[in-house]
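Trainee: Handing you a structure now.
Here is the structure:
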């Protein structure tokens, strides 16, 4: 287990890199990146205190899969399983009830400020920045060079 928590800034940088620049088709190989990806799903899920039904969890995770993650090999079922396996969520024995695991994720911890990150907003801002950089580059490359 890491003694150092992932900061808000590091989380934002890594999630942009993972979801917008890496071309992921499955879970990342790097364990820290896996935890960042799973934390982003938890932030979109925004689990309420107490218990959630499997249906509530599935609906929230589908939002992440369809609108945020868009990673080919990750569906809501795979994502839910990973969240349970890594300790983000705990599940009742019959699988009908879920709750945020009181002990939290097993390997990597996150600063509490990470909980305030709006992942879709971070990604939208990064998309705009990437588009602006591309425009600036194209404009610069199309200017005639001075002799």
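In the numbering used here, the protein residues as written are 2 to 148.
Quick reminder that beta carbons are idealized off the backbone N, C-alpha and C, glycines included.
Everything numeric in this text was worked out from a predicted model, so none of it was measured.
DSSP on residue 92, reduced to helix/strand/coil?
Mentor: DSSP places residue 92 in strand when its eight states are reduced to three.
Trainee: Flag this pair as touching only if the segment 118-128 and the segment 9-19 have three or more C-beta atom pairs under 8 Å; answer yes or no.
Mentor: Segments in contact, yes.
Trainee: Based on Cα-Cα distance, which residue from 75, 42, 119 lies nearest to residue 27?
Mentor: Residue 75 is the option with its Cα nearest to residue 27.
Trainee: DSSP three-state call for residue 79: helix, strand or coil?
Mentor: Looking at residue 79 - three-state DSSP - the assignment turns out to be helix.
Trainee: What does the Cβ neighbour count give for residue 2, buried or exposed, with the cut at 16 atoms within 10 Å?
Mentor: Note that residue 2 scores a pLDDT of 49, beneath 50, so its modelled location is shaky and nothing firm can be said.
Trainee: Within 10 Å of its beta-carbon, does residue 81 have 16 or more other beta-carbons around it, so buried, or fewer, so exposed?
Mentor: When all chains shown are included, residue 81 counts as buried.
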